[in-house]
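Trainee: Please see the structure below; I have some questions.
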Ligand SMILES: [Fe+2]
């Protein structure tokens, strides 16, 4: 195995007291190229492709606070071709990453930081320029569409990535047509090849939605009105409908100015799911009241007669500690709080009657659900999701849930 390495950095005190920078969360700060990996057994010679994953990996120790959502995106890829395998990992070289790399230190604060004059000046400057309020880390997920690999972060534009070298090309905005945020979890329709996406913002219109054709053309975007800005992390699609989650993890600039958290779970505000025809205008959306909850990730959705069926990981509690500075908590304690316990849930939204029915399918905390994406939008029998071991021990069980009835 031939191997080369670039970039190395020592950690500092901020790293050693932050649970998001230790153990399984510890940053990888080397870029490695390893050709001709040792293969145990035999790789099928016809196998030709690359598996790439994305995740947060802070380039430098934080200025003060750090949340796992804020690390610079790093890609890890295994290339398999002609019966051989190679590995490489690369930072996503966003403009923000480049600025910090040139400075040799972190330049951007954390959303966990208490308000300060400098922070307010920076936020107002970004707001006036219609720039993301915080740095676009490109750290959350990837999508491959129209032969293009995009690294995604829901607060800003996608970054185009070159395969197989994993070099960053630049931000990608569909020839200037994309002028707002882009979800980290777009959906590709396996039948039509279309990619559906949305973006949410603190500013009106709070949600925008669009469809990219199989040929990579972004034709139209429609705005969807919601009462207040919320963190809308994921959505779901069926062949004819798109489902939006107006769940009450609210974003409040005013709250921040009062020295309170920017993000807060407010179940007393209620929760709604909106169903929009795939090519509809935002005003065509039909909202369904559901019991208050938060949903980070959906598993799938499909149509069943008059009903749109949604499967997702639902939590009814969302502890404030999720967005507290980790240094305020004991090291070694689960950094996201044990009250955060999403379980697999099913909602049936009747487009004819307007009724919503909901039920838990399991009682085991689980998230990051996936299906065979070739069946996205169809009624699938199985889904696979990750369970959380107690106290963040190394073992992370996987959960297979039967979801098809
Ligand atoms: Fe996600």
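Residue numbers (this note's numbering): 138 to 542. Each residue gets a CB set at the ideal place from its N, CA and C atoms; glycine is no exception.
Can you give the beta carbon distance from residue 411 to residue 383, rounded, assuming they're within the 8 angstroms contact cut?
Mentor: With a Cβ gap of about 6 angstroms, residue 411 and residue 383 count as contacting.
Trainee: Enumerate in chain order the residues of its own chain whose CB-to-CB distance from residue 490 is below 8 angstroms, with the five nearest sequence positions on each side excluded.
Mentor: 443, listed in sequence order.
Trainee: Would you check if the distance between the CB atom of residue 190 and the CB atom of residue 303 is smaller than 8 angstroms?
Mentor: No.
Trainee: Tell me, please, whether the region 279-287 touches the region 244-251 by the rule of three or more beta-carbon pairs shorter than 8 angstroms.
Mentor: No, because fewer than three Cβ pairs between the region 279-287 and the region 244-251 fall closer than 8 angstroms, the two stretches do not touch.
Trainee: With three or more beta-carbon pairs closer than 8 angstroms as the criterion, would you say the region 332-352 touches the region 315-323?
Mentor: Touching, yes.
Trainee: Would you decide whether residue 391 is buried or exposed? Buried here means 16 or more other CB atoms lie within 10 Å of its CB.
Mentor: By the 10 Å Cβ count, residue 391 comes out exposed.
Trainee: For residue 154 and residue 428, I'd like the C-alpha separation in whole angstroms.
Mentor: Cα to Cα, the separation comes out at about 38 angstroms.
Trainee: Measure from the alpha carbon of residue 210 to the alpha carbon of each residue in 481, 510 and 305, then state which is nearest.
Mentor: Minimum Cα distance to residue 210 is reached at 305.
Trainee: Look at the alpha carbon of residue 406 and the alpha carbon of residue 289, and state the distance between them as a whole number of angstroms.
Mentor: Taking the straight line joining both Cα atoms gives about 29 angstroms.
Trainee: Quick one: Cα of residue 517 to Cα of residue 417, how far?
Mentor: Roughly 26 angstroms separates the two Cα atoms.
Trainee: By the DSSP assignment, the alpha helix (DSSP H) with residue 236 in it spans what residues?
Mentor: Element bounds for residue 236: 232-240.
Trainee: Given a cut-off of 8 angstroms on the beta-carbon distance, is the pair residue 395 and residue 353 in contact?
Mentor: Cβ atoms of residue 395 and residue 353: not closer than 8 angstroms.
Trainee: For the beta strand (DSSP E) that contains residue 505, what are its first and last residues?
Mentor: 503-507 is the extent of the beta strand (DSSP E) around residue 505.
Trainee: Taking the alpha-carbon of residue 328 as reference, which of 519, 525, 512 and 524 has the nearest alpha-carbon?
Mentor: The residue with the shortest Cα to Cα distance from residue 328 is 512.
Trainee: Would you check if the region 228-245 and the region 193-212 touch, i.e. whether three or more CB-CB distances between them fall below 8 angstroms?
Mentor: Yes: at least three Cβ pairs fall under 8 angstroms.
Trainee: Buried or exposed for residue 157, going by 16 or more other Cβ atoms inside 10 Å?
Mentor: Classification of residue 157: buried, given that the 10 Å Cβ count is 16 or more.
Trainee: Can you say whether residue 214 is buried or exposed, counting buried as having 16 or more other CB atoms within 10 angstroms of its CB?
Mentor: Buried: at least 16 other Cβ atoms inside 10 Å.
Trainee: Would you check if the distance between the CB atom of residue 338 and the CB atom of residue 317 is smaller than 8 angstroms?
Mentor: Yes, Cβ-Cβ distance for residue 338 and residue 317 is below 8 angstroms.
Trainee: By DSSP, does residue 155 sit in helix, in strand, or in coil?
Mentor: Note: residue 155 maps to coil in three-state DSSP.
Trainee: Rounded to a whole number of angstroms, what is the C-alpha to C-alpha distance between residue 425 and residue 389?
Mentor: Taking the straight line from one Cα to the other gives about 24 angstroms.
Trainee: Assign residue 441 to one of two classes, buried (16 or more other C-beta atoms within 10 Å of its C-beta) or exposed (fewer than that).
Mentor: With fewer than 16 other Cβ atoms within 10 Å, it is exposed.
Trainee: What is the residue span of the beta strand (DSSP E) that residue 401 lies within?
Mentor: Residue 401 -> beta strand (DSSP E) spans 400-402.
Trainee: What would DSSP say about residue 458, mapped onto helix, strand or coil?
Mentor: If DSSP states are grouped into helix, strand and coil, residue 458 belongs with the helices.
Trainee: If you follow the beta strand (DSSP E) that residue 410 is in, where does it begin and where does it stop?
Mentor: 408-414 is the extent of the beta strand (DSSP E) around residue 410.
Trainee: Assign residue 522 to buried or exposed, taking buried as 16 or more other Cβ atoms, counted over all protein chains shown, within 10 Å of its Cβ.
Mentor: Classification of residue 522: buried, given that the 10 Å Cβ count is 16 or more.
Trainee: Taking only heavy atoms of ligand 1 into account, decide whether any of them is closer than 7 angstroms to the Cβ of residue 163.
Mentor: Because no heavy atom of ligand 1 lies under 7 angstroms away, the Cβ of residue 163 does not count as near it: no.
Trainee: Between the beta-carbon of residue 193 and the beta-carbon of residue 178, is there less than 8 angstroms?
Mentor: No, the pair does not count as a contact, with Cβ atoms beyond the cut-off.
Trainee: For ligand 1, is there any heavy atom lying closer than 7 angstroms to the beta carbon of residue 517?
Mentor: No, the beta carbon of residue 517 sits no closer than 7 angstroms to any heavy atom of ligand 1.
Trainee: Assuming residue 301 and residue 187 make a contact with CB atoms under 8 angstroms, what is their CB distance in whole Å?
Mentor: With a Cβ gap of about 5 angstroms, residue 301 and residue 187 count as contacting.
Trainee: Roughly how many whole angstroms lie between the Cα atoms of residue 393 and residue 436?
Mentor: Between residue 393 and residue 436, the C-alpha separation is close to 33 angstroms.
Trainee: Using a Cβ-Cβ cut-off of 6 angstroms (strictly less than) and excluding sequence neighbours within five positions of residue 381, which residues of its own chain qualify?
Mentor: For residue 381, where only same-chain residues beyond five positions count, the Cβ hits under 6 angstroms are 372 and 411.
Trainee: Assuming the contact rule is C-beta atoms closer than 8 angstroms, residue 504 and residue 455 should be a hit. Round their C-beta distance to whole Å, please.
Mentor: Between residue 455 and residue 504 the Cβ distance is about 13 angstroms, and since that is not below 8 angstroms, they are no contact.
Trainee: Roughly how many whole angstroms lie between the Cα atoms of residue 414 and residue 238?
Mentor: Going from the Cα of residue 414 to the Cα of residue 238 covers about 44 angstroms.
Trainee: Tell me which residues pass a beta-carbon proximity test against ligand 1: closer than 7 angstroms to any heavy atom, given in chain order.
Mentor: In chain order, the hits are 277, 278, 321, 322, 370, 371, 433 and 434.
Trainee: So, with DSSP's three-state summary, where would you put residue 451?
Mentor: If DSSP states are grouped into helix, strand and coil, residue 451 belongs with the strands.
Trainee: Residue 523 by DSSP, collapsed to three states: which one?
Mentor: Strand at residue 523.
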